[in-house]
Structure formats: C-alpha cells, structure tokens
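Trainee:
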Amino acid sequence: MYRDVTDTRCVWWVIAAAVLCSPQVATEDFPPDVNYGIPYISVNESAPVGTVLKTFTAENHNTHTPVNVTTTGQNTDNYVYLRQGAGTRWDIVLKTTLDYEAVKRTTLSFRAEGQLPLEFTIQMYIRDVNDVHPQFKDVPYNARVNESAPDGTIVFTGIKSEDPDDGQGGVVTYSLVLAMQSSSGVADVFSIDQHSGVVTLNGALDYETTTIYHYLVVATDSPPYFTNPPYIGSVNEMKALDGDRAVSNRVVYNITSPDCQGLFQISDTSGEISVASRLDRDRPPLSTRNGLCTATVEATELDDHPPQLGQFTASQQVTITVNDVNDNRPRFSGTSFSAGIDENSPAGTALVLENGNQISVSDADQGINSEITLALHDTTNTFELMSTKVQSSGLVSIRVKNSTSLDFETIETINFTAIDHDSGDYGRITYTLQNARNTFAIDQSSGVVTTTTDQTDRETMDTYNMLVLATDGGGRVQTVPLIITIDDVNDNRPVFTQDQYDAVLNEGDTTFNRPLTLQATDGDAPGSPNSNVSFRMVSSSPAGLLRNFYLDSINGHLTVKTALDYDTLNFQGTVRLVVEARDHGTTPLSSTATVEIVLNDVNDNSPAFSMSSHSKQIREGTPI
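Numbered by mature numbering (1 follows the signal peptide of the UniProt record, and there is no 0), the letters in the sequence shown go through residues -27 to -1, 1 to 597 in order.
1. Near PRO123, what residues of its chain come up, given a Cβ to Cβ distance below 8 Å and the 5 sequence neighbours on each side ignored?
2. Give every residue of the same chain whose Cβ lies closer than 8 Å to the Cβ of THR547, excluding the five residues on either side of it in the sequence, and list them in chain order.
3. Unbroken alpha helix (DSSP H) runs of length 4 or more, entirely within the region 525 to 570: which are they?
4. For GLN492, does the three-state DSSP call read helix, strand or coil?
5. Just grab the DSSP bridge partners of GLN407 for me.
6. Determine whether the beta carbon atoms of GLU32 and VAL25 lie at a separation below 8 Å.
7. Can we say the region 454 to 470 touches the region 496 to 503, given the rule of at least three CB pairs closer than 8 Å?
8. What whole-angstrom Cβ distance do VAL552 and LEU524 have, given they're in contact under 8 Å?
9. Among residues of its own chain, excluding the 5 on either side of ARG56, which ones have a beta-carbon nearer than 6 Å to its beta-carbon?
10. Could you check whether the region 476 to 485 touches the region 531 to 539, counting it as contact only if at least three pairs of C-beta atoms, one from each stretch, sit closer than 8 Å?
11. For TYR73, which residues of its own chain have a beta-carbon under 6 Å away from its beta-carbon, when the five flanking residues on both sides are left out?
12. Among residues of its own chain, excluding the 5 on either side of ARG549, which ones have a beta-carbon nearer than 8 Å to its beta-carbon?
13. Could you spell out where the beta strand (DSSP E) holding THR49 opens and where it closes?
14. Is there contact here, the region 301 to 312 with the region 328 to 337, by at least three beta-carbon pairs under 8 Å?
15. Would GLY529 and THR490 qualify as a contact pair, given that the criterion is a beta-carbon distance under 8 Å?
16. Could you confirm whether any beta carbon from chain C is found closer than 8 Å to the beta carbon of PRO21?
17. Please report the residue range of the beta strand (DSSP E) in which VAL225 lies.
18. Would you call the region 466 to 474 and the region 447 to 456 touching, i.e. three or more CB-CB distances under 8 Å?
19. Straight-line CA distance for GLN471 to VAL511?
20. With a 10 Å radius around its C-beta and 16 neighbouring C-beta atoms as the bar for buried, classify VAL325 as buried or exposed.
21. Starting from the Cα of ARG509, find the closest Cα among ASN521, ILE527, PRO502, GLY517 and give me that residue.
22. Report the three-state DSSP secondary structure of GLY594 (helix, strand or coil).
23. What number of angstroms, rounded off, separates the C-alpha of ASN503 from the C-alpha of LEU562?
24. Roughly how far, in whole angstroms, is the beta-carbon of PRO129 from the beta-carbon of VAL162, given that I think they are within contact range, below 8 Å?
25. Compare the C-alpha of VAL190 against each of VAL225, SER148, ILE228 and name the closest.
26. In chain order, what residues of the same chain lie with their CB nearer than 7 Å to the CB of ASN521, ignoring the 5 residues before and after it?
27. Thinking C-alpha only, which one of PRO319, MET434, PHE413, LEU542 is nearest THR355?
28. In the DSSP assignment, what are the bridge partners of GLN473?
29. Could you tell me the distance, in whole angstroms, from the CA atom of ALA409 to the CA atom of ASP427?
30. What are the partner residues of residue 599, as DSSP defines its beta bridges?
31. Assuming the contact rule is C-beta atoms closer than 8 Å, SER11 and THR261 should be a hit. Round their C-beta distance to whole Å, please.
32. Is the distance from the Cβ of SER288 to the Cβ of THR269 below 8 Å?
33. Sort out for me which residues DSSP pairs PHE508 with in a bridge.
34. So HIS34 and PRO5 are in contact, right, with Cβ under 8 Å, and what is the actual spacing, rounded?
35. How close, in whole Å, do the beta carbons of PHE310 and ASN330 come, if the pair is a contact with beta carbons under 8 Å?
36. Let's see if you can read the secondary structure: which residues bound the beta strand (DSSP E) around THR69?
Here it is, written out as structure tokens:
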C-alpha cells in the first residue's frame, strides 16, 4: 500500500492479497462446524441394536476444538443415542429394534453447543426387509381329474397367497414339491405356473397305478435384490442378483429419474456406474444441488413368464456426491483500487473508495476450499482490514489503524519488492524509477519510493505515470507501472472575469440596457465542490438598494426587481453593488467584484413655480 502526496489530503492505492486456508483465527462469532455429509440415514428394519447409523464431526468454527452435541426431542431419544469418538467425531447409534411396517421414516434432531448453537436434523429411512412369509388362503387344496384327461389340462386354479412385505418383496412365485410319496414316475406329472399358481397336467394318468398325488405348494417372495445398498457417496459399481437362486435369470440395469441428466451412465449388463461427461462441482447443475446427484437404478429380471404378469424389477436409490476440488483461485473485483482520506482522520475511520466503488473477493469453490483469508501489506502500519476471513464471497473493508501516520507533511514511502529465484549476483536486484519528474525517487536496493519535494501541485500535474524497473545481475528486467494521483485541495479562490461590471438603467425601468451576467472561474479540480462557485450580493451604495436587485446564485444573472426613482435618491447618478463569488470547499474561499450601474434621469416631472403668486411695484413712466 502507498499514499499519494497532496496539500492536505492523500490518495491511497490498495493492494490486497487472498490466501486460501490460512491458519489465522477470526474474531467473529460463528456457529459450530458440523459435517455429516448427506442429511439422511438408510437402515434395514432388521438392523441390530448398537448399529452405528452415521458418523459425523462437530468442532468450534474458530478454534477447531470439539464441541458437545446432544439429541433433541423425545422422538430422537426413542430411536438413537450419541456416542463421542476420538477428537471431533460422533457416532449415531441405534438403541431399539425397527419395524418397517410400523414406521417407514422419522426425523432425528440434534443440537451442537456453542456461543451460537447449531440445530440440525437427519432423516432416517427404514428399509423393508423380506421378513414376512407368504400366507396361503383357503387351504388345504384338493383337485380331481379324469385319468383320460389329455396333456395340458388345467387341473386347479384356486391357489391364492398374500405377502404383506413392501414392493417386490411381496411378489410371490410358486413351485411344486412331492410329499409323502416317491418321485419315481410321478415327479413330472403335474406342473404349476410360477406366477399364477395354475396347476396343469403334463403326462398320462393311470387310476389303477396311482389314485392320489400329494404335493406341497411352495410360495417364494424373492424378486431381484441389490447386493450392497444403500448407494451413497462415491459409487463405483453396483450389483443385483435374481432372488430365485435355483433359477437365476439375467438382470439388466437402467437409470430412471436422473437428477443430473447426462453426467452419469450405467452399464445395462454389469450395473457399473461411470462418468458420462466432464464434472465441474462449481457450475450448474452440480453447484445448485450442493454436489449431489440422486437417481433411481432399476434392475429387471429377464425370464419367459407370461407378459400379462409384468416384469420382476427391483429399484434402488443412488446418491452420488461429487467432491469439490480446489481448482479456483480467489478473485478480486478489480486489479487496483484508489481512495482518498483526510489527513489526521481518527482510528476506525473507514476507507471509502473513489466513485463509490467497493472491493469484493470471491472463490467459486465450496466448503473449506472457498475459505479466503485476507492480508493487507501496509509497510506504514496505517490501515487494517476490518475482517480477515471471507467464505465464498464478500466485501473487503479497510479502516484507519494508526491516525498519526496520516500526516500530509510527512514524506510518504512506497515499498516495491521483486523476487529472483537465481542465486549470487544473478539474484541481486536493482530498482530504478522512470519518468519521476524530479518529484519521486526509489532506493536502488530496498525498492522504497519517496517524495523529493513538498511542492506538488495538482493544478500543475494531477497524475504521475511512472515505471519501476527491477534488474537482476544477469541483466534481465521486469517492470511494473506506478501511478500516483494527487488529490485536489481547495487552494484556489474563485476569480471574477472582470474586476468591475458596468450597466445602464433608466429610472422607472426593470431591465438593463443590456443583460448583465457575472462570471467567475476556479482553478481547483473541475466538477468538485472546490471549484463549484456560487454568487451573492454583499452591499450597495447608496445603502439599502440590495432589495431592488436579484442575483441568481448559480448562473450569476443580475436583474432588477424594483424600479429606481432617480429624483428620490441622494447620489450622483451611479449605484455601486459589491458582489461575491464563493466556492463550496470544506473551507470555502471567495473573492469580490463591483457592479457600476449608471441610472439615467427621465423627464418625468413638469416645471413648477416655487411660489403660486408673485407681486412687484413699478413707478409710472418706467421704460420698458
């Protein structure tokens, strides 16, 4: 950081650096940091008491030390308890048996203690387990058939069963098993459709040989099932098997209702999920979903059962978390910023940038990768950052730290540092300054830039464009521009274009013979309060005539409000006005001029005798 020298104010150029994940400690209060990943738990209803359902970490935001976490609400206490592990780790542990048929989902509530406590919830989804056997209805089953019945005759259609399990776990298939008799010659006489339960004759009957056939009808509820659900996190592959182990059919896979269309794909034969296109955690759709993609994978068993019975399928929700990689640098809203501040401003005064600009910084990464630590390189120790940490994006605010350094009369320095990775003489750097106009100088060894005069004048030169050259021992040169702007100070008075303005006015008129406009100029910065001039009337001679005139304070136009009577004024035919031009600086400066108005007498009075009558005696005979 460096300061520009002017008469009573100074302009500072701010150079700030952003460093990721610096171990500085912020002073602000934040809630604890709790990292539990995806906010839900998926657990089988058969999970034993003591099963660890989820592990998370909880720590103080500033000190990264462990914080206490408790369950909140009776519902949470009914299902789980918390067990503290090493460091900041906590386990959520199952404390009771689960029943999918009674409760399918519940909300677990927790509270992380701290100066600003954090309350959070996790959804627990209870998965159905095929824990209920199919139940036959209207048993036992008896059927009659003539021994002359041909092959393919439907023998019995009354087999019925029900299974209260959910989804495919409740779909029943049937098979026949011989009971209480030898399989010799009778094993294949009858068959049962595995889906409908219809019993059909397959071979010839002989009443004289066998009159009764005893079978057990076996009902099985085994659809395809996934081998290692749930799929949460980084998924490499998934596998599903046909539940009918004895008759294992081929299973095909398909992704339905994808959350992140086009990003992932699945092999229809192996179930392996792979990346279909380049992933960028910091761009939509991943950035808008916190890096989560949720899809439903459907496994379909291929067999030759009748089409009207539909296909046997199983589905599983897959949640893929795309982890953020620190691949984005912090970015400032600009490469350089300038601000002006009055000398001797008190500590705590905020630095206001020119033209209402603001310094902002942002990082497109997520989580800890977007934590930005700011540092201010100010060799004079004059300013400080109001906050040194920014999460993802925020404004950078700078305030005065040491007001004694804000003294215009003190020679200010700017420090330039260049780094050369060579060694010996080749790594020795020499600094030079070009186009300094005998106003600034640079130390060849340290790179410190100083003023060489206290006679800088903005009206003469308001900007110094210089070039700093860093040359190493091998003659290699690197350059950096140095721009110093001199801030305006109200050191110029307004100046009238004339010391005296002349006008002619006939008595009784309210208009000058020619329009009269006063003009003044100011040498301070154009468009600033220091050069903004307004006009006013100060006095008149003869006295008391200011009320007869009007002076526009902005454009300087002088007009007559009330006509003057030449014959009632005690003067020599001239009215003199003193006018003032004043600027609008913090300490206003002004100057004056005169307006000479010649008032012409108008023949507006008839002759009048001093006496109404005169008498005189004359002798008789007096000659004419």
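Heads up, the beta-carbon is just placed ideally off N, CA and C, and yes, glycines get one too.
Here the structure is a predicted model, which means the values were calculated and not measured.
Mentor: Per the coordinate set shown:
1. LEU174
2. GLU569, ILE570, VAL571, LEU572
3. none
4. coil
5. LEU440
6. no
7. yes
8. 7 Å
9. ASP64, VAL66
10. yes
11. GLU18, ILE99, ASP101
12. SER513, SER514, THR567, VAL568, GLU569, ILE570
13. Element bounds for THR49: not the beta strand (DSSP E) but the alpha helix (DSSP H), 47 to 52.
14. yes
15. yes
16. Annotation note: the requested chain C is absent from the structure, which comprises a single protein chain.
17. 223 to 229
18. no
19. 17 Å
20. exposed
21. ILE527
22. coil
23. 9 Å
24. For the sequence presented, residue 129 should be read as Phe rather than Pro. Rounded, the Cβ-Cβ distance is 13 Å, inconsistent with contact.
25. SER148
26. VAL533, LYS534, THR535, LEU537
27. PRO319
28. THR567
29. 14 Å
30. The displayed coordinates of the chain run from -27 to 597. Any statement about residue 599 would go beyond what the structure contains.
31. Note on identity: in this sequence residue 11 is Ile, with Ser being the wrong assignment. No, ILE11 and THR261 are not in contact; Cβ-Cβ is about 16 Å, not under 8 Å.
32. yes
33. ALA554
34. 6 Å
35. 6 Å
36. THR69 -> no beta strand (DSSP E), and no H or E assigned at all.
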